[in-house]
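So for the sequence shown, this note's numbering puts the first residue at 63; every next one is plus one.
This report refers to the structure that appears directly beneath it.
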Amino acid sequence: MKVEIVLTDTPENITLDFRDLSTSMYLTDSYLNKSLEINETTNDFVYTNQFENDAIIVFLIILKCLIMLFIILAAIFGNLLVIVSVMRHRKLRVITNYFVVSLALADMLVAIWAMCFNFSVEITNGEWLFGYFMCDVWNSLDVYFSSASILHLCCISVDRYYAIVQPLDYPLIMTSGKLGIMLAVVWCSPALVSFLPIFAGWYTTHEHLDFRKRHPKVCSFTVNKIYAVISSSVSFWIPGVIMLFMYYRIYVEADRQERMLYRSKVAALLLDKHLQINGISMGDVMRERQSIQMQPMASSKMKRERKAARTLGIIMSAFLACWLPFFLWYIITALCGDACPSPPPVVAAVFWVGYFNSALNPLIYAYFNRDFRAAFRKTLGSCCRSLCGDVGRRYCCPQQFLRREHHHSNVSSDIHMNNCVKSTSADVLRAVQACSSKAEDVVVFNT
């Protein structure tokens, strides 16, 4: 019981007024209880939301790591499959595929050096664990191998241009010596925009170099405007323009040759009918028919060239779709400076979309090129047989396994048939001998 004392107005007549405040106390306790319940409910709601947000963040981190690991493994093993397939199958050893093998090597090194270091930065929330010197090594290797990959695609487009636009001069233009020179240029020129300016410190500002010395656990690639323009031009813009021009000319020439080939087929058929109707000499007819039979060979060769050009055009389109966002971001942020901030998720996205191009090329070969598809199947089947034995043969190469079983069954059937024939022949021989002896007995008896 809580008591409140109230004094009257006159000091002479002091009276005490005791008021029962139980009702007031009850209201106060009820209010406090309600407040505590609301606070507990709010805390539970906040805790639940925080738990859900943490679960979403963990899920996104795991998903990001799985995607990056998939890109790394696909780039390494896919490009390794290209290299091994060309080495194992003589049919693939043509000049264009030497560029393809060199491109696969560059893409595989992008995965090993550039992607793996970038993956380590992503899973450590931006912390660099390998020191100041290795930061320069990583940035140099990233620029070097990515530029080499793009320059390889440029060389492949030039090679296809001469193979389709100037097919008669192609063996004279694209010799093994010129092939070696082109590959040497492709592998050496990226060093001029990677190792040299990065280790010399020309690629960035003095403020960024001082910041890196004070913070060795941060490895950011901040470039100045001059380096951004030169490096992006050498690595992307100039090769991209060359590729677009080459493939445009290839498309125009392929379309022109296809129309000429169609006209020549029609003319050859009309000529064949004319020769048959007029009964020209057999020698002329044979010569004309030999020329007509050459048309399918030319048509087949042209189809192969067009298919190769289409495959490489798809490779170039994939290259533009993957690398164009990165180089647009790269040049805009370098020229814009602090006025164009980039959130870390955006930076990671443009980097890994560009890296994804190194994993796409083997998939494009396997899907659009029949020779590579057959070589990949044989190479994987050989690896499966060597690793798994007969059990792996049954599951990895079921067609070959069934063919082998069918062959063994045919051989067994042949052996069984031979045995049956032999046994049947022996029985027939014995029956003939018995009949002969009986006939002799009959003859002797009659005589």
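Even for Gly, the Cβ is constructed at its ideal location relative to N, Cα and C.
Through-space distance from residue j to residue i, alpha-carbon basis
{"i": "residue 257", "j": "residue 167", "result": "19 Å"}
{"i": "residue 197", "j": "residue 259", "result": "14 Å"}
{"i": "residue 141", "j": "residue 397", "result": "35 Å"}
{"i": "residue 448", "j": "residue 175", "result": "30 Å"}
{"i": "residue 313", "j": "residue 380", "result": "17 Å"}
{"i": "residue 247", "j": "residue 288", "result": "23 Å"}
{"i": "residue 372", "j": "residue 114", "result": "48 Å"}
{"i": "residue 205", "j": "residue 297", "result": "8 Å"}
{"i": "residue 225", "j": "residue 294", "result": "29 Å"}
{"i": "residue 443", "j": "residue 159", "result": "22 Å"}
{"i": "residue 430", "j": "residue 437", "result": "13 Å"}
{"i": "residue 419", "j": "residue 275", "result": "33 Å"}
{"i": "residue 402", "j": "residue 384", "result": "22 Å"}
{"i": "residue 118", "j": "residue 111", "result": "11 Å"}
{"i": "residue 268", "j": "residue 305", "result": "36 Å"}
{"i": "residue 143", "j": "residue 376", "result": "20 Å"}
{"i": "residue 156", "j": "residue 407", "result": "42 Å"}
{"i": "residue 425", "j": "residue 231", "result": "32 Å"}
{"i": "residue 251", "j": "residue 207", "result": "11 Å"}
{"i": "residue 240", "j": "residue 440", "result": "31 Å"}
{"i": "residue 190", "j": "residue 277", "result": "10 Å"}
{"i": "residue 254", "j": "residue 292", "result": "10 Å"}
{"i": "residue 316", "j": "residue 299", "result": "26 Å"}
{"i": "residue 146", "j": "residue 162", "result": "12 Å"}
{"i": "residue 428", "j": "residue 318", "result": "28 Å"}
{"i": "residue 242", "j": "residue 195", "result": "33 Å"}
{"i": "residue 200", "j": "residue 164", "result": "21 Å"}
{"i": "residue 122", "j": "residue 399", "result": "30 Å"}
{"i": "residue 326", "j": "residue 153", "result": "30 Å"}
{"i": "residue 386", "j": "residue 171", "result": "21 Å"}
Nonlocal neighbours in the same chain, by C-beta distance under 7 Å from residue i, ignoring five residues either side
{"i": "residue 271", "result": "263"}
{"i": "residue 244", "result": "217"}
{"i": "residue 266", "result": "284, 285, 286"}
{"i": "residue 249", "result": "210"}
{"i": "residue 178", "result": "134"}
{"i": "residue 513", "result": "As displayed, the chain neither begins before 63 nor continues past 509, which places residue 513 out of reach and without an answer."}
{"i": "residue 193", "result": "278"}
Per-residue burial, residue i [other beta carbons within 10 Å of its own, 16 or more giving buried]
{"i": "residue 510", "result": "Because residue 510 is not part of the residues shown, which for the chain are 63 to 509, the question remains open."}
{"i": "residue 281", "result": "buried"}
{"i": "residue 214", "result": "buried"}
{"i": "residue 148", "result": "buried"}
{"i": "residue 237", "result": "exposed"}
{"i": "residue 222", "result": "buried"}
{"i": "residue 180", "result": "buried"}
{"i": "residue 310", "result": "exposed"}
{"i": "residue 423", "result": "buried"}
{"i": "residue 434", "result": "buried"}
{"i": "residue 405", "result": "exposed"}
{"i": "residue 212", "result": "buried"}
{"i": "residue 169", "result": "buried"}
{"i": "residue 139", "result": "exposed"}
Which of helix, strand or coil DSSP assigns to residue i
{"i": "residue 191", "result": "coil"}
{"i": "residue 265", "result": "coil"}
{"i": "residue 150", "result": "helix"}
{"i": "residue 244", "result": "helix"}
{"i": "residue 228", "result": "coil"}
{"i": "residue 279", "result": "coil"}
{"i": "residue 158", "result": "helix"}
{"i": "residue 180", "result": "helix"}
{"i": "residue 431", "result": "coil"}
{"i": "residue 487", "result": "Confidence at residue 487 is low in this model, with a pLDDT of 45, below 50, so the placement of that residue should be treated as unreliable; the coordinate-derived value is given next. Looking at residue 487 - three-state DSSP - the assignment turns out to be helix."}
{"i": "residue 402", "result": "coil"}
{"i": "residue 395", "result": "helix"}
{"i": "residue 286", "result": "coil"}
{"i": "residue 186", "result": "coil"}
{"i": "residue 164", "result": "helix"}
{"i": "residue 448", "result": "helix"}
{"i": "residue 170", "result": "helix"}
{"i": "residue 256", "result": "coil"}
Contacts around residue i, its chain only, beta-carbon distance under 8 Å, and the 5 residues preceding and following it disregarded
{"i": "residue 184", "result": "126, 127, 130, 410"}
{"i": "residue 388", "result": "412, 413, 415, 416"}
{"i": "residue 478", "result": "Any reading at residue 478 is ruled out, since the residue's pLDDT is 47, under 50, leaving its predicted position unreliable."}
{"i": "residue 261", "result": "198, 202"}
{"i": "residue 228", "result": "235"}
{"i": "residue 290", "result": "392, 393, 396, 397"}
{"i": "residue 301", "result": "212, 213, 215, 216"}
{"i": "residue 273", "result": "280"}
{"i": "residue 382", "result": "302"}
Other residues of its chain near residue i: CB distance less than 6 Å, five sequence neighbours each side excluded
{"i": "residue 151", "result": "437"}
{"i": "residue 136", "result": "421"}
{"i": "residue 187", "result": "none"}
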